[in-house]
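*Asks:* Heads up: the sequence lines are chains A and B, in that order.
Start counting the first sequence at 264; every next residue gets the next number (my numbering).
Start counting the second sequence at 264; every next residue gets the next number (my numbering).
Glycine included, C-beta positions come from ideal geometry on N, C-alpha and C.
As the structure is a computational prediction, the values presented were derived from the model and not from experiment.
Number of protein chains: 2
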Amino acid sequence: MAYSIESVINKLRCYIDLDDSEWAALRALPEKMIELETGHEIVHEGQSHHNAFILLNGWVSSYKVLPDGTRQIIDFQIPGDFLGLRSLLLRTSDHSFEAITAVTVAEVSSRKMFEAFNKSPRLATAVLWAASRDEAMIVEHLINIGRRSAIARTAHFLLELGARLRLIGVGSEEGYPCPLSQYLLADALGLSAIHVNRVLRELRERKLLTFQKKRVRFDNFDKLVELAEFQTAYLDQSGPIMKSKPHFS
Amino acid sequence: MAYSIESVINKLRCYIDLDDSEWAALRALPEKMIELETGHEIVHEGQSHHNAFILLNGWVSSYKVLPDGTRQIIDFQIPGDFLGLRSLLLRTSDHSFEAITAVTVAEVSSRKMFEAFNKSPRLATAVLWAASRDEAMIVEHLINIGRRSAIARTAHFLLELGARLRLIGVGSEEGYPCPLSQYLLADALGLSAIHVNRVLRELRERKLLTFQKKRVRFDNFDKLVELAEFQTAYLDQSGPIMKSKPHFS
DNA sequence: CGCCGTCTTGAAGATTCTCAACACCAGTGG
DNA sequence: CCACTGGTGTTGAGAATCTTCAAGACGGCG
């Protein structure tokens, strides 16, 4: 199945306000499409590709493996997300990317990226905005792991994922398709897979959320939000800054 | 005591390679100096200042308070660090800043910042580099909290702080001055203050590190690095990218 | 002196992990 | 068609880690 950048652009259109020439510049960015199967690595930690990728289809995890073999998943990427934006600036990409499902990514060289930024400063701002949003999510993830109980942490994480997916038109307040295994969830949440299993069971028994058969179903959305102390503010940056007069120019 | 931006620039000179006109542009950024006493807040979460700050003197923590009253410290800032870079793009600064010691900050409006970026693209790259480095530290913090035991986590954190301070000419492999209380450390590490106390005792008893009287002393640096699985790679970006030919131009 | 913030210690309890075992299912090859 | 296999999900039991509650010590400062 061939995915073009069009589908992603159509999604981005909903929450980033660029004009036609700017969309054209974005469309012209990708140099080649890469298709990867489940489990394949996209950028290995320490490699200095100096390239970024736009995820067109499928799910990706960014993670770091510790010397003792355990790993921490930093974030999951869904279609429309950038991969390795940070590594454009820092020579060493500080973590690895792995395809969770079969994925399609569009490769963008740092050279073309910076050229496009020069031609279209608002595109630069848009990409920076995306990078800022990524960082805000990492901060929220940090808070989640640092200060919430396993059950609130899990609930928060699955709510956030749902909110992100709705932005690209996937799922609803009912639930969403989710290809993550309990092991992946565990590595993201800083828990053991066994404990994740128990936590998911508790969420199910308390009739809050059901995660089965590659699908998350919200059984009681409001109570779940309450348990997780979930606030959407940091995701709701539907780019008013993108609508103000351009910076950089 | 009056601190000028000069002292910070002198420190930055060591690891960012800009030319004289670029340093001049950086020097011209601050609009006013602000002095704050211990415990004072710099930007309250949710405020949309659209301004950033350069920390000239003292220590600051950036943190977020959860509805149940607990808080998670995201990072500490030391002289030369930026505060609120992210909030230049995202309207809502997603966390608060508090002065841990008496501090001096230089306020920079987003307008002047973006103007300077236009005049000096390499300055923009330098600031982006700083932002990337901040994010890399947050990622490392996430990994620290998610996957390391309390003792390794504490050791790693104090080692990282030491490495950052050495970059600005404070402390050595012997140790460094550190104004943090055990409560602050606890909120940063996602632990209870009581457990932090026990962990510090263990580090002391195992002759690895002593944290007393506002000072961290490394008793056995090598063993500490081993315990913490400390790798400096993500801090060692002494900006080769800053020495390559300018982007954005 | 008395007070407050910080540090310290003990003991009990909650949370989470590890180890071990088993169920389920899809795919694979005989 | 069936046995085998590997990945994933499930459960129990015991142990380790970390938290909470409670109390006291220490030092700076009004």
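1. Could you check what DSSP says for residue 412 of chain B in three-state terms: helix, strand or coil?
2. How many angstroms separate the CA atom of residue 288 of chain B from the CA atom of residue 394 of chain A?
3. Report the CB separation of residue 285 of chain B from residue 383 of chain B in whole angstroms; it is logged as a contact under 8 Å.
4. Using the beta-carbon of each residue, which ones in chain A are nearer than 9 Å to residue 276 of chain B?
5. What residue ranges within the stretch 397-444 of chain A form continuous alpha helix (DSSP H) runs of no fewer than 4 residues, ordered along the chain?
6. Which residues in the same chain have their Cβ closer than 7 Å to the Cβ of residue 510 of chain A, if we skip the five residues on either side of it in sequence?
7. How big is the Cα-Cα spacing for residue 304 of chain A and residue 364 of chain B?
8. In chain order, what residues of the same chain have a beta carbon less than 7 Å from the beta carbon of residue 401 of chain B, not counting five sequence neighbours either side?
9. With distance defined between alpha-carbon atoms, name the residue in A:441, A:412, A:467, A:470 nearest to residue 476 of chain A.
10. Of all the CB atoms in chain B, is at least one closer than 8 Å to the CB of residue 358 of chain A?
11. At the 8 Å Cβ level, is residue 329 of chain A part of the contact set with chain B, yes or no?
12. Whole-angstrom Cβ separation of residue 451 of chain B and residue 420 of chain B, contact assumed at under 8 Å?
13. Anything in chain B within Cβ reach of residue 405 of chain A, meaning under 8 Å, just list it in chain order.
14. Using the DSSP secondary-structure output, state which residues sit across from residue 320 of chain B in a beta bridge.
15. Residues of chain B with CB closer than 7 Å to the CB of residue 222 of chain A, please, in chain order.
16. Using the beta-carbon count (16 or more within 10 Å), is residue 273 of chain B buried or exposed?
17. Per DSSP, what kind of secondary structure is residue 479 of chain B in: helix, strand or coil?
18. For a contact defined as C-beta to C-beta under 8 Å, what are the partners of residue 349 of chain B on chain A?
19. Check whether the Cβ of residue 425 of chain A lies closer than 8 Å to any Cβ atom in chain B.
20. Measuring CB atoms only, is the stretch 468-484 of chain B touching the stretch 417-432 of chain B, in the sense that at least three cross pairs come out at less than 8 Å?
21. Under a CB-based cut-off of 8 Å, is residue 304 of chain A close to chain B?
22. Rank B:298, B:443, B:467 by C-alpha distance to the C-alpha of residue 367 of chain B and give the top, closest one.
23. Here's the rule I'm using: 16 or more other beta-carbon atoms within 10 Å means buried, otherwise exposed. How should residue 417 of chain A be labelled?
24. For residue 329 of chain B and residue 294 of chain A, what's the separation of their Cα atoms in angstroms?
25. Among the candidates A:314, A:350, A:324, whose CA atom is the shortest distance from the CA of residue 444 of chain A?
26. Residue range of the beta strand (DSSP E) that residue 299 of chain B falls in?
27. Are any of the Cβ atoms in chain A nearer than 8 Å to that of residue 453 of chain B?
28. Need the endpoints of the beta strand (DSSP E) that residue 334 of chain A sits in, please.
29. Suppose contacts are defined by Cβ-Cβ distances below 8 Å. Is residue 271 of chain A in contact with residue 343 of chain A by that definition?
30. Output the boundary residues of the alpha helix (DSSP H) element that contains residue 285 of chain A.
*Replies:* Judging by the given coordinates:
1. coil
2. 25 Å
3. 5 Å
4. Correct list: empty, because the minimum Cβ distance to chain A is about 20 Å.
5. 413-430
6. Any reading at residue 510 of chain A must be qualified, since the residue scores a pLDDT of 38, below 50, and its modelled position is unreliable; the value itself is stated next. Contacts found: 384, 388.
7. 45 Å
8. 337, 338
9. A:441
10. yes
11. yes
12. 7 Å
13. 335, 337, 401, 404, 405, 408
14. B:367
15. Nothing about residue 222 of chain A can be reported from this structure: the residues present for chain A run from 264 to 512 only.
16. exposed
17. strand
18. 395, 398, 399
19. no
20. yes
21. no
22. B:298
23. buried
24. 44 Å
25. A:324
26. 295-299
27. yes
28. 334-340
29. yes
30. 283-290
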